[in-house]
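Novice: Residue 956 is where the sequence shown starts when you use this note's numbering, and the numbers rise one by one after that.
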Amino acid sequence: MSDTFTIAVIGAGGKMGMRVSNNLAKTDHTVFYVENSPAGRERTLDAGRELTEAADAVADADIVVFAVPDLALQSVTGELVPLMKDGSIALTLDPAAAYAGLLTKRPEVTQAVAHPCHPSIFLQRTTPEEYADTFGGIAAPQDAIAAIESDDAGQAAIVEATVRAIYAPVVDVHWVTVKQLAQLEPTLVETIACMVGALLKESLDEAVGTMGVPEAAARSILLGHTQVALANGLRGDNPFSDACLIAMDYGRESIIKEDWKKVFRDEELDGNLARMLHLDKIER
956 MSDTFTIAVI
966 GAGGKMGMRV
976 SNNLAKTDHT
986 VFYVENSPAG
996 RERTLDAGRE
1006 LTEAADAVAD
1016 ADIVVFAVPD
1026 LALQSVTGEL
1036 VPLMKDGSIA
1046 LTLDPAAAYA
1056 GLLTKRPEVT
1066 QAVAHPCHPS
1076 IFLQRTTPEE
1086 YADTFGGIAA
1096 PQDAIAAIES
1106 DDAGQAAIVE
1116 ATVRAIYAPV
1126 VDVHWVTVKQ
1136 LAQLEPTLVE
1146 TIACMVGALL
1156 KESLDEAVGT
1166 MGVPEAAARS
1176 ILLGHTQVAL
1186 ANGLRGDNPF
1196 SDACLIAMDY
1206 GRESIIKEDW
1216 KKVFRDEELD
1226 GNLARMLHLD
1236 KIER
């Protein structure tokens, strides 16, 4: 595989598209930037990048990065995948539409998905830039998860090189199936982890607004104990105290449904994605 290849970014002026484009602009790859919305086109031009018509960009690309919202992927891939050259790769940045079967496919075009892990809460940051980069793709190292529907090692290498470029700096790229990636995102990290993060914020608001605890005090004890909870729970850094274990049992009994692990079942994943993608159902 050549060290450089041609990449087309669809949606180059959007939220994720700008992040992707900012990193690709630092590489030696040939990159075509495609954007339809007036605001996105203006952002792309303001960043000093030239715009290319979609049909021209995908016709020459070795890999096409679809940096567009999930709800737009069905129509966008329907328009552009038929125009992609044989042997090229269609890379989406979220598994929902791919797992739901909404993407247009051709035998001559390989489908791949890659999603950032975001910098770990346990990352050993050393610079102010790394501390400020909580999302990833700027200064703080992160891992990425990728899936590809091909056994071609050369195509996998192109996907990995692209993933390392668009999510840079990347430590490891972990390979899974499209279904496994969908089980991770949304089930593990959005349905559970992000929900818990939002629940912590609601709990903080309740302590301050209803109980009348000074916000600075409530925020300080919550942020510190959240780190301890995650370090103890996920890494086993220290054992929880006996009293804490009793309080944790009360919290589980009062807040968590006994059958909560059902969210990992296939039918629950299908239903969750159908809601996310505004579908009546996902047919297999």
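All C-beta atoms, glycine included, are put in the ideal place defined by N, C-alpha and C.
Where does V1019 land, buried or exposed, given buried means 16+ other C-beta within 10 angstroms?
Specialist: Counting Cβ neighbours within 10 Å, V1019 comes out buried, since at least 16 surround it.
Novice: Identify the continuous alpha helix (DSSP H) that holds H1180 and give its terminal residues.
Specialist: Start and end: 1170 to 1185.
Novice: With C-beta atoms as the reference, is G966 less than 7 Å away from A1022?
Specialist: Cβ atoms of G966 and A1022: closer than 7 Å.
Novice: By how many angstroms is the C-alpha of A1186 removed from the C-alpha of A1108?
Specialist: 37 Å
Novice: Using a threshold of 7 Å, state whether the C-beta atoms of G1091 and P1074 are closer than that.
Specialist: For G1091 and P1074, yes; Cβs fall inside 7 Å.
Novice: Can we count R974 as close to the ligand NAD, meaning its CB is less than 6 Å from some heavy atom?
Specialist: Only the bare structure without any ligand can be found here, which leaves the ligand NAD out of the picture.
Novice: Exposed or buried, which one is M912 when buried takes at least 16 other CB atoms within 10 Å?
Specialist: An answer regarding residue 912 cannot be provided, because it is not within the stretch 956 to 1239 covered by the chain.
Novice: Does the beta-carbon distance from V1133 to V1068 come in below 7 Å?
Specialist: yes
Novice: Roughly how many whole angstroms lie between the Cα atoms of D1098 and E1140?
Specialist: 14 Å
Novice: Taking the Cβ atom as the reference point for each residue, do I1044 and Q1110 lie within a distance shorter than 7 Å?
Specialist: yes
Novice: Mapping the DSSP letters down to three states, classify I1210 as helix, strand or coil.
Specialist: Looking at I1210 - three-state DSSP - the assignment turns out to be helix.
Novice: Please report the distance separating the alpha-carbon of S992 from that of Q1066.
Specialist: Near 25 Å, if we compare the C-alpha coordinates of Q1066 and S992.
Novice: What are the partner residues of Y1054, as DSSP defines its beta bridges?
Specialist: For Y1054, which the question treats as bridged, DSSP gives no partner whatsoever.
Novice: Taking D1160 as the reference, give the member of R1174, T959, K1060 with the closest Cα.
Specialist: R1174
Novice: What number of angstroms, rounded off, separates the C-alpha of E1222 from the C-alpha of Y1054?
Specialist: 13 Å
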